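**Student:** Dropping the structure in here first, questions after.
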Amino acid sequence: MSSPPTPAVSGLPGIHRATPPAEFLDAAVRIADRLRRPEQVAEGVRADRPDGAPPWFWQAHGTAAGFAGLAVLFGCLDRALPDGGWDRVAHQHLTAAVEAAQQVEVLSLGLAEGVSGLAFTALLLDHDGLRYRRLRRTLDQHLADRLPGVLGGLGRPAQLSSPDLDLISGAAGISCYLVRRPETDALSALGTELREGLARCVTEGRLPRRPTNGAVDCGLAHGLPGVLAALAVARLRGAATPGAATALRAGADWLWAHRLTDARGPDWPADDTFPSPGPTHAAWCYGAPGVARSLLLTGRALRDPALRADALRAATAVCQRPDRVRRLVSPGFCHGTAGLAHLLRCTGLETGRADLVAEARRLVAELVTAFDPDARFGYRAGSPCLLDGAAGVAAVLLSAVGRPTPEWDRLFLIR
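Take the position in the sequence shown, starting the count at 1, then add 3; the result is the number in the numbering used here.
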């Protein structure tokens, strides 16, 4: 497999030192200002909620679509602008998320709307272990009490659906939090067992399947790429996982075997339905950008330059496709422009690819231009959320400034 053509980059350090326009930071702050007050956000969500919106459109306790996700954004803003009062705002939103969680009869363990997402947020807002210790202990105890049930589910011989395994609701997302914990205790041991269970599922071919049609899911959010990313990130962080290398190799081979190819290079469908419905949109959740990122992490974890080259070839193909082929549906992170911009930027900076960085910067500039002062949260999409709303756009804009590198994207297994 040949490496993609690489444009000459005159000094990779120059890419890192380049300071994006001040407009990126200004736009991030303008969006964040509209999200400052939890009560106003809740009022806006009630007013703007579309008829027939699914329950996950807004879950007040959630990281994907709730106050915990907004707290993540404000925590990153506090690190970038420590005199801006964002630390207090982050605390207010985390408090609102915890209060909402206490009203949920059975809180899931998932990253997007459950215990591990709240725990991730508390850890991100923790200042050198001095804050949210009691909250973190409580959440960690919930995980320790209930993870054996998750492990039992992973051990069943039956096929598993996406919600059992995926990043959004399942074991891959729970692992995303557990691998970041600094503690070495019984819960960290359960985290190792969880990753071992994920690895075994991949090696045995029990891949995440879409509940609607039973096909293997090819998206980073709900499918095999998310499982691989969770295992790869853990390996890159030095967390030992029995069977991980074999699983990463098997999963990467499966994804590469199920790729589609157009004139520009590799692409992926949403699932392995036969005959293939064709490539899906070019987003974080589904499509080549998310899959390429997962394969790049896997290649790094396996120290496999050929796999890294294949992943970079897929990212290059995305960069070369015109907007009409990408079919992005919103400015947000999950399905939209912000997610694609962030993936291209991260990959471009890590690999020294000036073309990817330049395209990411163009997309970020489009996000700045698209800001609508007449829209409640700054964008016509009408959502304040981190996953697919205004907060996610602000997070990507903040990352484009790059001082310091925000940690929010670890929630989505970007690194």
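We put the beta carbon where it would ideally sit given N, CA and C, even for glycine. The structure presented is a predicted model; accordingly, all values stated were derived computationally and were not measured.
So what's Arg-418 in DSSP terms, helix, strand or just coil?
**Tutor:** Residue 418 sits at position 415 when you count from the first residue of the sequence shown. In the structure shown, Arg-418 sits in coil (DSSP, three-state: anything other than H, G, I, E or B).
**Student:** My output table needs one value for Gly-176: the three-state DSSP class, helix, strand or coil.
**Tutor:** Taking the sequence shown and counting its residues from 1, one reaches residue 176 at position 173. If DSSP states are grouped into helix, strand and coil, Gly-176 belongs with the helices.
**Student:** Residue range of the beta strand (DSSP E) that Asp-86 falls in?
**Tutor:** The count along the sequence shown starts at 1 and reaches residue 86 at position 83. Taken as a continuous stretch (DSSP letters only), Asp-86 belongs to no beta strand (DSSP E), as it is neither H nor E.
**Student:** CA-CA distance, Pro-376 and Asp-391?
**Tutor:** In the sequence shown, the residue the question calls residue 376 occupies position 373. In the sequence shown, the residue the question calls residue 391 occupies position 388. The alpha-carbon atoms of Pro-376 and Asp-391 are separated by roughly 19 Å.
**Student:** May I ask you to report which of helix, strand or coil DSSP gives Arg-316?
**Tutor:** Walking along the sequence shown from the start, residue 316 turns up at place 313. DSSP places Arg-316 in helix when its eight states are reduced to three.
**Student:** Taking the alpha carbon of Gly-156 as the point to measure from, which residue in Gly-342, Ala-243, Leu-197, Asp-54 has its own alpha carbon closest?
**Tutor:** Indexing the sequence shown from 1 puts residue 156 at position 153. Among Gly-342, Ala-243, Leu-197, Asp-54, the Cα nearest to that of Gly-156 is on Leu-197.
**Student:** Can you tell me which of the three DSSP states Asp-265 falls into?
**Tutor:** For the purposes of this step, residue 265 is taken as the residue at position 262 of the sequence shown. Shown here, Asp-265 sits in a strand according to DSSP, grouped into three states.
**Student:** Nearest to Thr-350 by CA position, among Cys-322, Gly-339, Leu-370, is which residue?
**Tutor:** Taking the sequence shown and counting its residues from 1, the one referred to as residue 350 is at position 347. The shortest C-alpha separation from Thr-350 is found at Cys-322.
**Student:** Once DSSP output is grouped into helix, strand and coil, what is the label at Val-219?
**Tutor:** Taking the sequence shown and counting its residues from 1, one reaches residue 219 at position 216. It is a strand residue.
**Student:** If you run the structure through DSSP and keep just helix, strand and coil, what is Asp-270?
**Tutor:** In the sequence shown, residue 270 corresponds to position 267, counting from 1. In this structure, Asp-270 counts as strand in the three-state DSSP scheme.
**Student:** Which residue comes first and which comes last in the alpha helix (DSSP H) that contains Leu-234?
**Tutor:** Numbered from its first residue, the sequence shown carries residue 234 at position 231. 227 to 239 is the extent of the alpha helix (DSSP H) around Leu-234.
**Student:** Excluding the 5 residues preceding and the 5 following Leu-305 in the sequence, name in chain order all residues of the same chain whose CB lies nearer than 6 Å to its CB.
**Tutor:** As a working mapping, residue 305 is identified with position 302 in the sequence shown. Counting only Cβ-Cβ distances below 6 Å, and skipping sequence neighbours, we find Leu-251.
**Student:** Measure the alpha-carbon distance for Phe-336 versus Ala-286 and round it to whole angstroms.
**Tutor:** As a working note, residue 336 is residue 333 in the sequence shown. As a working note, residue 286 is residue 283 in the sequence shown. Each residue's alpha carbon lies about 8 Å from the other.
**Student:** Any contact between the stretch 146 to 160 and the stretch 124 to 131? By contact I mean 3 or more CB pairs, one from each, below 8 Å.
**Tutor:** Three or more beta-carbon pairs separated by less than 8 Å are not found between the stretch 146 to 160 and the stretch 124 to 131, which leaves the two stretches without contact.
**Student:** Less than 8 Å between the CB atoms is what I'm expecting for His-64 and Ala-103, so what's the real figure, rounded?
**Tutor:** Counted from its first residue, the sequence shown places residue 64 at position 61. Counted from its first residue, the sequence shown places residue 103 at position 100. Rounded, the Cβ-Cβ distance is 4 Å, consistent with contact.
**Student:** Three or more beta-carbon pairs under 8 Å between the stretch 42 to 55 and the stretch 383 to 400, yes or no?
**Tutor:** yes
**Student:** Is Arg-82 helix, strand or coil by DSSP?
**Tutor:** Here residue 82 is taken as the residue at index 79 of the sequence shown, counted from 1. In this structure, Arg-82 counts as helix in the three-state DSSP scheme.
**Student:** What does the Cβ neighbour count give for Phe-277, buried or exposed, with the cut at 16 atoms within 10 Å?
**Tutor:** The count along the sequence shown starts at 1 and reaches residue 277 at position 274. It counts as exposed.
**Student:** In terms of alpha-carbon separation, which member of Asp-265, Arg-136, Ala-397, Glu-116 lies closest to Arg-329?
**Tutor:** Residue mapping note: residue 329 aligns to position 326 of the sequence shown, counting from 1. It is Asp-265 whose Cα lies nearest to the Cα of Arg-329.
**Student:** For Ala-189, which residues in the same chain have their Cβ closer than 8 Å to its Cβ, ignoring the five residues on either side in sequence?
**Tutor:** Taking the sequence shown and counting its residues from 1, one reaches residue 189 at position 186. Residues Ala-147 of the same chain have their beta carbon placed closer than 8 Å to that of Ala-189, with the five preceding and five following residues left out of the count.
**Student:** In chain order, what residues of the same chain have a beta carbon less than 8 Å from the beta carbon of Cys-179, not counting five sequence neighbours either side?
**Tutor:** Along the sequence shown, read from residue 1 onward, the residue named residue 179 stands at position 176. The answer, listed in chain order, is Leu-114, Ser-119, Phe-123, Leu-170, Ala-233, Val-236, Arg-413, Leu-414, Leu-416.
**Student:** Quick check on the burial criterion: 16 or more other C-beta atoms within 10 angstroms. Buried or exposed for Asp-274?
**Tutor:** Residue numbering aside, residue 274 sits at position 271 when the sequence shown is read from its first letter. It counts as buried.
**Student:** Out of Ala-320, Gly-226, His-345, state which residue places its alpha-carbon closest to the alpha-carbon of Trp-411.
**Tutor:** By 1-based counting over the sequence shown, the position of residue 411 is 408. Nearest C-alpha to Trp-411: His-345.
**Student:** Between the C-alpha atoms of Tyr-382 and Phe-27, what's the straight-line distance to the nearest angstrom?
**Tutor:** Translated into the one-based positions of the sequence shown, residue 382 becomes position 379. Translated into the one-based positions of the sequence shown, residue 27 becomes position 24. Taking the CA atoms as reference points, Tyr-382 sits about 15 Å from Phe-27.
**Student:** Given a cut-off of 9 Å on the beta-carbon distance, is the pair Ala-175 and Leu-201 in contact?
**Tutor:** Residue numbering aside, residue 175 sits at position 172 when the sequence shown is read from its first letter. Residue numbering aside, residue 201 sits at position 198 when the sequence shown is read from its first letter. Yes; because the gap between Cβ atoms is below 9 Å, this pair is in contact.
**Student:** Quick one: grab the DSSP three-state call for Ser-164.
**Tutor:** Sequence index remark: in the sequence shown, residue 164 carries index 161 (1-based). The three-state secondary structure of Ser-164, taken from DSSP, is strand.
**Student:** For the alpha helix (DSSP H) holding Ile-34, just list the boundary residues, first then last.
**Tutor:** Counting from 1 along the sequence shown, the entry for residue 34 is found at position 31. Element bounds for Ile-34: 25 to 36.
**Student:** Using only the alpha-carbon positions, how far apart do Ile-177 and Leu-112 sit?
**Tutor:** Sequence index remark: in the sequence shown, residue 177 carries index 174 (1-based). Sequence index remark: in the sequence shown, residue 112 carries index 109 (1-based). Cα to Cα, Ile-177 sits roughly 7 Å from Leu-112.
**Student:** Among the residues of its own chain, which have a CB less than 6 Å from the CB of Thr-249, if the five just before and after it don't count?
**Tutor:** Within the sequence shown, numbered from 1, the residue matching residue 249 stands at position 246. Hits under 6 Å: Thr-206.
**Student:** Among Val-230, Ala-291, Gln-95, whose alpha-carbon lies nearest the alpha-carbon of Arg-316?
**Tutor:** As a first step, residue 316 must be located in the sequence shown, where it is residue number 313. Measuring from the Cα of Arg-316, the nearest candidate turns out to be Ala-291.
**Student:** Going by beta carbon distance, what residues of the same chain come within less than 6 Å of Leu-73, once the five residues before and after it are set aside?
**Tutor:** The residue you call residue 73 lines up with position 70 of the sequence shown. For Leu-73, same chain residues with a beta-carbon under 6 Å away, outside a window of 5 residues either side, are Leu-38, His-96, Ala-394 in chain order.
**Student:** Using only CA atoms, which one of Pro-58, Thr-319, Gly-246 lies nearest to Val-360?
**Tutor:** The count along the sequence shown starts at 1 and reaches residue 360 at position 357. When each option's Cα is compared against that of Val-360, the closest is Thr-319.
**Student:** Less than 9 Å separating the beta-carbons of Leu-258 and Leu-227?
**Tutor:** Locating residue 258 in the sequence shown gives position 255, counting from the first residue. Locating residue 227 in the sequence shown gives position 224, counting from the first residue. Result yes, Cβ atoms of Leu-258 and Leu-227 sit closer than 9 Å.
**Student:** Classify Arg-212 as helix, strand or coil using the three-state DSSP reduction.
**Tutor:** Here residue 212 refers to the residue found at position 209 of the sequence shown. Of the three classes helix, strand and coil, the one that applies to Arg-212 here is strand, per DSSP.
**Student:** Could you work out which residue in Leu-168, Val-92, Arg-203, Arg-136 is closest to Pro-185 when comparing CA atoms only?
**Tutor:** Counted from its first residue, the sequence shown places residue 185 at position 182. Nearest of Leu-168, Val-92, Arg-203, Arg-136 to Pro-185, Cα basis: Arg-136.
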